[in-house]
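Visitor: Those sequence lines, one after another, are chains D and A. Residue 3 in the numbering used here sits at position 3 of the first sequence; the count goes up by one each step and never skips. Residue 31 in the numbering used here sits at position 31 of the second sequence; the count goes up by one each step and never skips. All C-beta atoms in this analysis are idealised placements derived from N, C-alpha and C, irrespective of residue type, glycine included. Can you read through this structure? Questions will come right after.
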Amino acid sequence: GIQVEQSPPDLILQEGANSTLRCNFSDSVNNLQWFHQNPWGQLINLFYIPSGTKQNGRLSATTVATERYSLLYISSSQTTDSGVYFCAVIGRGGATNKLIFGTGTLLAVQP
Amino acid sequence: DAGVIQSPRHEVTEMGQEVTLRCKPISGHNSLFWYRQTMMRGLELLIYFNNNVPIDDSGMPEDRFSAKMPNASFSTLKIQPSEPRDSAVYFCASSGWDTQYFGPGTRLTVL
Chain D
1 GIQVEQSPPD LILQEGANST LRCNFSDSVN NLQWFHQNPW GQLINLFYIP SGTKQNGRLS
61 ATTVATERYS LLYISSSQTT DSGVYFCAVI GRGGATNKLI FGTGTLLAVQ P
Chain A
1 DAGVIQSPRH EVTEMGQEVT LRCKPISGHN SLFWYRQTMM RGLELLIYFN NNVPIDDSGM
61 PEDRFSAKMP NASFSTLKIQ PSEPRDSAVY FCASSGWDTQ YFGPGTRLTV L
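Right, dumping it as structure tokens:
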């Protein structure tokens, strides 16, 4: 099945810094989503982005489907950005809605 | 919309007891997913439904687990009998055509 790898596995930032998180996937995808799991465990959808670029406030994401990767940019980080960021995909060609999750990037933003 | 609703939010039970987790998807969504999250295994898809019909239950660990979706607005995940290794956070998610939205999760502890 499709493999999803995220990097870096963990990241520590000072408040105000910028960061880039990466998601590589091993096959073509129909669906790619970025999620933030906050320290209370809630999984929040950030972007649905199987291709192209989207922006939402300080966050933006770009997926280059032909090269099988996606990037999540966090600018001017805040302590509330702390948590785990997951990339999840649905492979193209399968008759399924099954999201395959990466292992996540653990982000800690220090004041 | 209220989002995906799960109950209970926390459940502590003793080994051998029956546990029932409940989920109300977002109105109008036609797919519903049950996930389990543990430190060791990350996020795992247990089962998903399309239009109330189970499509893929390959992630259900064993016969002790069962899931139902009697109508478009309600689903249950039952564990009988429960075991300590079932301790985890159980998430329900729903989607329309693309984006999956997660509920707050049920934290299950089996003593």
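#1: Thinking C-alpha only, which one of A:Leu43, A:Arg107 and A:Ile5 is nearest A:Pro25?
#2: So is A:Phe65 in contact with chain D if we call contact Cβ pairs under 8 Å?
#3: Could you tell me whether the Cβ atoms of A:Ala88 and A:Leu108 are closer together than 8 Å?
#4: If you measure beta-carbon to beta-carbon, which residues of the segment 1 to 31 of chain A are closer than 9 Å to chain D?
#5: Could you please give me the residues that DSSP links to D:Val29 through a beta bridge?
#6: Should A:Trp34 be labelled buried (16 or more other beta-carbon atoms within 10 Å of its own) or exposed?
#7: Along the segment 29 to 56 of chain A, what residues have a CB closer than 9 Å to any CB found in chain D?
#8: Using 8 Å as the cut-off, can you tell me whether the segment 100 to 111 of chain D makes contact with the segment 5 to 23 of chain D, which would need three or more C-beta pairs spanning the two stretches below that distance?
#9: Residues in the same chain with beta-carbon distance under 6 Å from D:Ile49, minus the five sequence neighbours each way, listed in chain order, please.
#10: Give a yes or no on whether the C-beta atoms belonging to D:Phe25 and D:Val109 are separated by under 8 Å.
Guide: Looking at the atomic coordinates:
#1: The residue you call residue 25 of chain A lines up with position 25 of the second sequence. Selected option, being the one with the closest Cα: A:Ile5.
#2: By 1-based counting over the second sequence, the position of residue 65 of chain A is 65. No, its Cβ sits nowhere closer than 8 Å to a Cβ of chain D.
#3: Within the second sequence, numbered from 1, the residue matching residue 88 of chain A stands at position 88. Within the second sequence, numbered from 1, the residue matching residue 108 of chain A stands at position 108. In this structure, A:Leu108 lies closer than 8 Å to A:Ala88 by Cβ.
#4: Ser31
#5: Taking the first residue of the first sequence as position 1, residue 29 of chain D is located at position 29. Its beta-bridge partners are D:Gly91.
#6: Residue mapping note: residue 34 of chain A aligns to position 34 of the second sequence, counting from 1. When all chains shown are included, A:Trp34 counts as buried.
#7: Ser31, Phe33, Tyr35, Gln37, Gly42, Leu43, Glu44, Leu45, Tyr48, Asn50, Ile55 and Asp56
#8: yes
#9: Translated into the one-based positions of the first sequence, residue 49 of chain D becomes position 49. Once the five neighbours on either side are set aside, the close Cβ partners of D:Ile49 are Leu32, Ala61 and Thr63.
#10: The residue labelled residue 25 of chain D in the question sits at position 25 within the first sequence. The residue labelled residue 109 of chain D in the question sits at position 109 within the first sequence. No, they are not a contact pair.
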